[in-house]
Amino acid sequence: MITFSKKSLSFLVNQFRIYNKVYHSVRNLQNMSSCSLSTVPKVDIDPSGVFKYILIKVYDEEKNKQEPSVIIVRGYKRCNYHSDIYDEVQEKLQPLDCEPLGGGRISHEPDNKKIHIYGYSQGYGKADHEVTAKLIKDTYPEYTITVSDEGY
Numbered sequence: 005m006i007t008f009s010k011k012s013l014s015f016l017v018n019q020f021r022i023y024n025k026v027y028h029s030v031r032n033l034q035n036m037s038s039c040s041l042s043t044v045p046k047v048d049i050d051p052s053g054v055f056k057y058i059l060i061k062v063y064d065e066e067k068n069k070q071e072p073s074v075i076i077v078r079g080y081k082r083c084n085y086h087s088d089i090y091d092e093v094q095e096k097l098q099p100l101d102c103e104p105l106g107g108g109r110i111s112h113e114p115d116n117k118k119i120h121i122y123g124y125s126q127g128y129g130k131a132d133h134e135v136t137a138k139l140i141k142d143t144y145p146e147y148t149i150t151v152s153d154e155g156y
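For the sequence shown, this note's numbering assigns the number 5 to the initial residue and increments by one for each residue that follows.
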C-alpha cells in the first residue's frame, strides 16, 4: 500500500489540475485550428520563381460510408525537399488525412503570366502534371500553363 503525506498529496493534486488545464487548452486550440475539406484551397504556390511542388490527396472523415476527398497542389521555395512541403501541409491541415500523389517542379513567371510544370520527386515519384496543370489553370486562368516530363 502506498501512502502519501498531506503535503505530497496536495502537490500531486495541484500538478494534476495544472496538467488538466494545459490538456484542455491544447485540445481547444486543436479544435479551433482544425479545418474542413471545403475550406482547403486547391492551389497554394509561391508567387514567383522555380520551386518543388507536390500533389496531395486530402481526405475528410467518413460520412455515409464515403470518404470525401480533394486533390491539392502545394509548392514553396522555402522547402528544400518535397517531404518538407508534405510535412508542412500535413501539419496545417490537421485533423484531415493527407496522401502524397507525387511531385515535380514549377517555374512561375508572373510578369509573363507563365507557369511551367515538370520533373519529379525522388521520394514520391512523378506527379500527374496534367492534373496539376488543370488545378493551377483554374486558379490562374489568365496564365499560359505548360507541362513537360523532362528535367529534374
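We put the beta carbon where it would ideally sit given N, CA and C, even for glycine. As the structure is a prediction and not an experimental result, all values here were calculated from the model.
Roughly how many whole angstroms lie between the Cα atoms of Lys130 and Ile75? Roughly 15 angstroms separates the two Cα atoms.
Name, in chain order, the residues that DSSP records as bridge partners for His120. Under DSSP, His120 forms a beta bridge with Ser111 and Thr150.
CB-CB under 6 angstroms to Lys61, same chain, minus the five flanking residues each way: which ones, in chain order? The answer, listed in chain order, is Ser73, Ile75, Glu103 and Leu105.
Decide yes or no for the touch test of the stretch 40 to 52 against the stretch 109 to 129: beta carbon pairs closer than 8 angstroms, at least 3 of them. Yes, the stretch 40 to 52 touches the stretch 109 to 129.
So Leu59 and Thr136 are supposed to be a Cβ contact under 8 angstroms. How far apart are they, rounded? Taking 8 angstroms as the upper bound for CB-CB distance, Leu59 and Thr136 are in contact here, some 6 angstroms apart.
In angstroms with no decimal places, state the Cα-to-Cα distance between His112 and Val54. The alpha-carbon atoms of His112 and Val54 are separated by roughly 6 angstroms.
In angstroms with no decimal places, state the Cα-to-Cα distance between Tyr90 and Tyr147. Near 26 angstroms, if we compare the C-alpha coordinates of Tyr147 and Tyr90.
Just to confirm, is the Cβ distance from Ser87 to Gly127 under 8 angstroms? With contacts defined by Cβ atoms closer than 8 angstroms, Ser87 and Gly127 form a contacting pair.
Can you give the Cα-Cα distance for Tyr66 and His133, rounded to whole angstroms? According to the sequence displayed, residue 66 carries Glu and not Tyr. Each residue's Cα considered, the two are about 28 angstroms apart.
Among Asp101, Leu139, Glu71 and Asp64, which residue has its Cα nearest to the Cα of Arg78? Taking only the C-alpha atoms, the option nearest Arg78 is Leu139.
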